[in-house]
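Data first, discussion second: the structure below is written as structure tokens.
Numbering (full-length UniProt numbering), first residue to last: 1 to 308.
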């Protein structure tokens, strides 16, 4: 595999990590940075090399976030360098050993570990949102975990038992203070907020908090809350866990009339478990009405984080 992977001259190839529509990712050792890195090689579009808009946006937003001094910036993956040749663009990231999806595949987390990881996610989101950005694709695959120690004297360094979360993949991220409409066709289906399914094109951080609520459920149970096949199934399940469709519980905008077919559904909020603190947090993050949904700051103030 090493012979078929193109990487910057200052990188020594270690192993192949994976690929996608964007290109491929390799684990390498960077002699420039004196550390192990992840090299993302981006495929150029068409016969005339041009950088995909999503990549340009990702670079711009990550540079902004990596340079900010807000609390929580440490939970955003670091873009160390951008390199290129005639046919390739390389994004050099700090290396993280796995992502949350893989980590949870054969592992049941303790409540304290789930709490620690989720608090890091909320802190990272708070930094993103205070920087006037919205991620738009929060899901376990886009939450990396770093286990290697930074230094022996760093009290907040990750360990094998307590990894540090790093939010990654900012290809869909946007600055949300820009006036005008944006696409509602964002976020992976299982983590997509109801207002996106219904076609809302003006939105902000609240869609990230919905996705975070879905991530919290998976951290606590190991299961996907909305494992559906299509948007109709998703809306039905969202109504179900919100205690059914009731007038006054959802916004009055015309797009929400589509949900009237679920009128009379009783629903079941017991899916959130018996712990009143975690129920309060999940219900706050998964509010059907985005205007009533918890912010990252409000979520961090929940009593669930007050005890181990």
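Note that the Cβ used here is the ideal one computed from N, Cα and C, for glycine as well.
Nonlocal neighbours in the same chain, by C-beta distance under 7 Å from residue i, ignoring five residues either side
i, result
"residue 152", "At residue 152, the pLDDT of 40 sits below 50, so the modelled position is not reliable and the matter cannot be decided from this model."
"residue 117", "165, 219"
"residue 163", "145, 146, 147"
"residue 305", "115, 119"
"residue 67", "none"
"residue 69", "none"
"residue 3", "Reliability of the predicted coordinates at residue 3 is poor, the pLDDT of 49 falling under 50, and the value obtained from them is presented with this limitation in mind. No residues qualify anywhere along the chain."
"residue 301", "none"
Residue i and residue j closer than 7 Å at C-beta
i, j, result
"residue 139", "residue 191", "yes"
"residue 84", "residue 123", "no"
"residue 228", "residue 234", "yes"
"residue 303", "residue 275", "no"
"residue 141", "residue 101", "yes"
"residue 174", "residue 134", "yes"
"residue 213", "residue 286", "yes"
"residue 172", "residue 137", "yes"
"residue 131", "residue 65", "yes"
"residue 37", "residue 26", "no"
"residue 6", "residue 88", "yes"
Chain-order list of residues whose beta-carbon lies under 6 Å from that of residue i (same chain, five-residue window excluded)
i, result
"residue 210", "193"
"residue 220", "114"
"residue 43", "23"
"residue 120", "75, 165"
"residue 98", "145"
"residue 51", "89"
"residue 154", "Low per-residue confidence applies at residue 154: pLDDT is 46, beneath 50, and the placement is therefore not dependable, though the value from the model is reported in the following sentence. Taken in chain order, the list of residues that qualify is empty."
"residue 251", "289"
"residue 295", "none"
"residue 73", "127"
"residue 345", "With the chain covering 1 to 308 only, the question about residue 345 has no answer from this structure."
Beta-carbon contacts of residue i that lie in its chain and below 8 Å, excluding the five residues immediately before and after
i, result
"residue 297", "126"
"residue 77", "62, 93, 94, 96, 144, 166, 167, 168"
"residue 82", "59, 89, 90, 91, 92"
"residue 29", "11, 12, 14, 35, 36, 37"
"residue 71", "123, 126, 127"
"residue 179", "Here residue 179 scores only 49 on pLDDT, less than 50, and its place in the model should not be relied on; the value that follows carries that caveat. Cβ within range, chain order: n/a, list empty."
Best match in the options for proximity to residue i [C-alpha to C-alpha]
i, options, result
"residue 290", "196, 281, 215", "196"
"residue 199", "237, 78, 231", "231"
"residue 189", "169, 225, 204, 217", "225"
"residue 341", "143, 163, 170", "There is simply no residue 341 to check, as the chain begins at 1 and stops at 308 in what is shown."
"residue 176", "15, 143, 129, 71", "129"
"residue 217", "163, 90, 86, 279", "279"
"residue 299", "284, 288, 292, 306", "284"
"residue 293", "204, 55, 112, 50", "204"
"residue 55", "68, 41, 67", "41"
Nearest-angstrom beta carbon gap, residue j and residue i [assumed within contact, 8 Å]
i, j, result
"residue 104", "residue 222", "6 Å"
"residue 282", "residue 272", "5 Å"
"residue 288", "residue 238", "7 Å"
Cβ of residue i within 7 Å of any chain D Cβ
i, result
"residue 91", "The structure shown contains no chain D; it holds only a single protein chain."
Is there contact between the region 23-38 and the region 76-94, where contact requires at least three CB pairs shorter than 8 Å?
yes
Are the region 11-19 and the region 51-60 touching, with three or more C-beta to C-beta distances below 8 Å?
no
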